[in-house]
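Visitor: Got a structure for you, questions after.
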Amino acid sequence: PGWSFPIDDAISLMRQHKPKAMFVNDPNNPTGTYMTRRELEELSYEAEKTGTTLVFDEVYWGSELQEPRPSILEIASSDQAVSVSGLSKVYGLPGLRVGWVVGSEKLISRLWSLKDYTTIAPSILSDYIASVMLERDNFRRLRERAKSIVRGNLEILKWAHSGAGDLFEVVWPRAGAYFLAKIPWSGDTLMVAYELFMEYDVLVNPGECFEIPGYLRVGLGQQPTQFRDSLQTLVDGLARIREKTSW
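Counting along the sequence shown from 1, when you hit position 35 you're at 38 in the working numbering, and nothing is skipped either side.
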């Protein structure tokens, strides 16, 4: 089955509770889905009516494999929208520990004051590298590199899944660097993930971490040759775990 943002539920919650803020992770991890422009417009319209600030975690923005998704900042007014992102995911630079918040001038002024109590400033080296990577051409090149790796690995996944469809079902992502694997023969994917790690040195996230037991979140960010080998190890491990649990 497909996944999508529960737009009707979100609007209903805003109308009923009129929250000060609503936090949304979109493009979404772990489902690999993202909202359409129309859905963003509907959510923004309701947020303005209820006085709700939309805080969007857009760390996977730019990783869309199909039609591009506009940022919430392009849809909602600056007083109603906040975008949070960083260089750790799509851009492959988690070691820099650099991220950002974009919002209204009033909000950013308050956040600057709060930041003085957490991290006064990044390292000079991280600051310099991040500044270079955020230049338009470099920014675009890093995004295209990430999407190229994911697209290539999805082709490998299609090939591997064609011979292992009884072991897992794939929720094909539209964005991000993960896919969800539904494990039809086990509802305890925490146990499956534990066995994969302990016995086969494969690290995946069990669906229990996301309140969706029965699924595993699997990364798509490796280089193709490494991903092919890792995927084969995953398939072999799942087959042996299923055999063991069926005794």
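Glycine included, each C-beta is placed from N, C-alpha and C at the ideal position.
Taking DSSP as the reference, what is the three-state secondary structure of Tyr181?
Guide: Strand.
Visitor: For the segment 155 to 173 against the segment 191 to 198, are there 3 or more C-beta pairs whose distance is under 8 angstroms?
Guide: No, the segment 155 to 173 does not touch the segment 191 to 198.
Visitor: So, with DSSP's three-state summary, where would you put Ala124?
Guide: coil
Visitor: Quick one: give me the first and last residue of the beta strand (DSSP E) that Thr228 is part of.
Guide: Premise fails: Thr228 lies in the alpha helix (DSSP H), 227 to 248, not in any beta strand (DSSP E).
Visitor: For Asp11, does the three-state DSSP call read helix, strand or coil?
Guide: helix
Visitor: Identify every run of the alpha helix (DSSP H) within the segment 156 to 211, keeping only runs that are complete inside it and at least 4 residues long; order them along the chain.
Guide: 192 to 203
Visitor: With H, G and I counted as helix, E and B as strand and the rest as coil, what does DSSP make of Tyr63?
Guide: In the displayed model, Tyr63 falls within coil according to three-state DSSP, outside both helix and strand.
Visitor: Secondary structure at Ala133, three-state DSSP: helix, strand or coil?
Guide: helix
Visitor: Look at Glu51 and Ser74 and say whether their C-beta atoms are less than 9 angstroms apart.
Guide: no
Visitor: Count the other CB atoms within 10 Å of the CB of Gln83; is the residue buried (16 or more) or exposed (fewer)?
Guide: Result: buried.
Visitor: Just confirm the distance between the C-beta atoms of Val27 and Asp60, as a whole number of angstroms; I'd bet it's less than 8 angstroms.
Guide: 7 angstroms
Visitor: Taking DSSP's pairing of strands, which residues face Ala84 in a bridge?
Guide: Leu57
Visitor: Does Asn141 come out as helix, strand or coil in the three-state DSSP assignment?
Guide: helix
Visitor: In terms of alpha-carbon separation, which member of Ser165, Ala167, Lys185, Ala124 lies closest to Val173?
Guide: Selected option, being the one with the closest Cα: Lys185.
Visitor: Should Thr34 go down as buried or exposed, given a rule of 16 or more other Cβ atoms within 10 Å for buried?
Guide: buried
Visitor: Could you spell out the range, first to last residue, of the beta strand (DSSP E) harbouring Leu219?
Guide: 218 to 222
Visitor: Rounded to whole angstroms, what's the CA-CA distance from Ser112 to Asp119? Just pull it up for me.
Guide: 12 angstroms
Visitor: Thinking C-alpha only, which one of Tyr48, Asn208, Pro22, Arg154 is nearest Gln69?
Guide: Arg154
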